[in-house]
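These notes are about the structure you will find just below.
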């Protein structure tokens, strides 16, 4: 299978901060149709890594490759190409969607960037993607405030998918959703990945969701990798004390550990 | 319904609605026994937070509540907010811990002075005594360096430390009931585990009952004696924790349980979903 993303020895510094790195020497790779979990607590650097992959923050050291092409600190044509291949979905759909245009228009904008397509084609495509993420055609003309959090997150996913990305970066996309809505979004993501074959980097602090969704895993602490590998290996036999602590802290249904 | 002997909190036929007559919460019956930990699970908009606000007399002014019985430690409560909180149970026998400690703490004042104020609002004791009480409460929630934390501002503390401070403030006057509304939702998973075991220990030590609100039934099942399930303003089911797997539940409860990915979930199978309109 094709390697879609490869990150090698990535370090990131924040400007003006001379005390240590935000991210230090992180390496991992993701193949098509595969989902990699990037897990860690607040401040572990997981979102910063995603931003570096898509060129929103500068890498200080290391190399980012997408489909074999070096895209470290991209600019110009490389940046344009990169953002066709890689799309990012954020945690909070309320703040990542434009509240002043309809959600159909939001998806249309994403579709039209850098392309000349007729209005008729655009309309057809939008409906196709609305159906793909499980939203009725009538939602096209609604504004963000008329939709629920789960529906908005589907719009954000549709907006990413219309670019036909080979890699989706999903940053805590279900963290603000109710569990029943989260279940729908997770089912949808699995189904879409099966149909479309994109690679996914799933950023989360929820280790149960990561176990369900991902095949491989990178555990981060203070910007460094503490453990990485196959999900089933790490969950059944975590090598690092920190990973073990994280896994043990996850509430389990009927666990009764604090009774 | 099984009744609890001499409950800390007794609620019969509680209704909450807007002043304009829109019903928000209907026909709620439950009680919390002494020293019991009761969980309320429900999704956004199920009314679980409104319910606790009615009990703690903190409902917004445009929302009204009525109940056949609303008793705290055997004394009838007026569910609608009194204009003057002096002499109210809130902060003494009844304490609240909210989700966001940053929104509950005063950012411009040191932890110590806020805690001393909380004590002296209810009890006219000398400042010095209140100060040492506050410091003791911080030690009780396992804050190692309590004398230093007393002199710090909220922004100098981590999220977990702030939530510990909130819990310390809640236990200052040894409440009979602590209502904790999503107290760990904003915290990292390891910190959540620490806060939960802390709540459990305080429950054992102080014999305070706890009413714990969460959208996470797995979390509740780790700590609660009983779980109440709310859906769209109604209490649809109550069960003791030993019945979690021992008997079948309301379809909505089953769906809530099935929707949560666990370490045992089969990645090949879709998660359970609720049939509702999208």
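Chains as they are written, first to last, in the numbering used here: chain L, 1 to 259; chain V, 1001 to 1278. By construction, the Cβ of each residue, glycine as well, lies at the ideal position given by its N, Cα and C atoms. Small disclaimer: the values here were computed from a predicted structure and weren't measured.
Secondary structure of residue i, DSSP reduced to three states
i, result
"residue 1180 of chain V", "strand"
"residue 1076 of chain V", "strand"
"residue 1010 of chain V", "strand"
"residue 87 of chain L", "strand"
"residue 1279 of chain V", "Since the first residue of chain V shown is 1001 and the last is 1278, residue 1279 of chain V is not available in this structure."
"residue 1203 of chain V", "helix"
"residue 247 of chain L", "helix"
"residue 1015 of chain V", "strand"
"residue 1187 of chain V", "coil"
"residue 1264 of chain V", "coil"
"residue 1132 of chain V", "helix"
"residue 202 of chain L", "strand"
"residue 119 of chain L", "helix"
"residue 1161 of chain V", "helix"
"residue 237 of chain L", "coil"
"residue 1120 of chain V", "helix"
"residue 187 of chain L", "helix"
"residue 255 of chain L", "coil"
"residue 1226 of chain V", "strand"
"residue 32 of chain L", "coil"
"residue 23 of chain L", "strand"
"residue 1 of chain L", "coil"
"residue 1167 of chain V", "helix"
"residue 1001 of chain V", "With a pLDDT of 47 at residue 1001 of chain V, under the threshold of 50, the modelled position of that residue is not reliable, and the figure given next carries that caveat. Coil at residue 1001 of chain V, not helix or strand."
"residue 1071 of chain V", "strand"
"residue 1095 of chain V", "strand"
"residue 181 of chain L", "helix"
"residue 1034 of chain V", "coil"
"residue 1065 of chain V", "strand"
Under 7 Å between C-beta atoms of residue i and residue j
i, j, result
"residue 1274 of chain V", "residue 176 of chain L", "no"
"residue 185 of chain L", "residue 200 of chain L", "no"
"residue 1186 of chain V", "residue 1095 of chain V", "no"
"residue 24 of chain L", "residue 224 of chain L", "yes"
"residue 258 of chain L", "residue 1197 of chain V", "yes"
"residue 1149 of chain V", "residue 1134 of chain V", "no"
"residue 11 of chain L", "residue 90 of chain L", "no"
"residue 5 of chain L", "residue 26 of chain L", "no"
"residue 1209 of chain V", "residue 1172 of chain V", "no"
"residue 1261 of chain V", "residue 212 of chain L", "yes"
"residue 1013 of chain V", "residue 1067 of chain V", "yes"
"residue 1154 of chain V", "residue 1105 of chain V", "yes"
"residue 1177 of chain V", "residue 1008 of chain V", "yes"
"residue 1151 of chain V", "residue 1123 of chain V", "no"
"residue 1141 of chain V", "residue 1164 of chain V", "yes"
"residue 133 of chain L", "residue 154 of chain L", "yes"
"residue 1255 of chain V", "residue 1212 of chain V", "no"
"residue 28 of chain L", "residue 209 of chain L", "no"
Rounded distance between the beta-carbons of residue j and residue i, thought under 8 Å
i, j, result
"residue 51 of chain L", "residue 57 of chain L", "4 Å"
"residue 1253 of chain V", "residue 1229 of chain V", "5 Å"
"residue 1097 of chain V", "residue 1161 of chain V", "With 8 Å as the limit, residue 1097 of chain V and residue 1161 of chain V do not qualify as a contact, their Cβ atoms being about 14 Å apart."
"residue 71 of chain L", "residue 82 of chain L", "5 Å"
"residue 220 of chain L", "residue 45 of chain L", "6 Å"
"residue 152 of chain L", "residue 94 of chain L", "7 Å"
"residue 1010 of chain V", "residue 1031 of chain V", "5 Å"
"residue 1220 of chain V", "residue 1039 of chain V", "3 Å"
"residue 158 of chain L", "residue 129 of chain L", "4 Å"
"residue 143 of chain L", "residue 75 of chain L", "So it is not a contact: roughly 35 Å between Cβ atoms."
"residue 240 of chain L", "residue 1044 of chain V", "That belief does not hold up - the Cβ atoms of residue 240 of chain L and residue 1044 of chain V are roughly 36 Å apart, past 8 Å."
"residue 1130 of chain V", "residue 1119 of chain V", "4 Å"
"residue 1249 of chain V", "residue 1239 of chain V", "7 Å"
Exposure label - residue i; buried when at least 16 CB within 10 Å
i, result
"residue 54 of chain L", "buried"
"residue 1042 of chain V", "buried"
"residue 238 of chain L", "buried"
"residue 216 of chain L", "buried"
"residue 1175 of chain V", "buried"
"residue 190 of chain L", "buried"
"residue 1259 of chain V", "buried"
"residue 166 of chain L", "buried"
"residue 34 of chain L", "buried"
"residue 198 of chain L", "buried"
"residue 146 of chain L", "exposed"
"residue 1241 of chain V", "buried"
Contacting residues, own chain, Cβ-Cβ under 7 Å from residue i (five flanking each side not counted)
i, result
"residue 47 of chain L", "171, 203"
"residue 207 of chain L", "39, 246, 247, 250"
"residue 244 of chain L", "238"
Contact set for residue i: own chain, Cβ-Cβ below 6 Å, skip 5 residues either direction
i, result
"residue 1075 of chain V", "none"
"residue 84 of chain L", "163"
Sequence-distant residues of its chain with Cβ nearer than 8 Å to residue i (five each side left out)
i, result
"residue 156 of chain L", "89, 90, 93, 96, 97, 173"
"residue 1147 of chain V", "1135"
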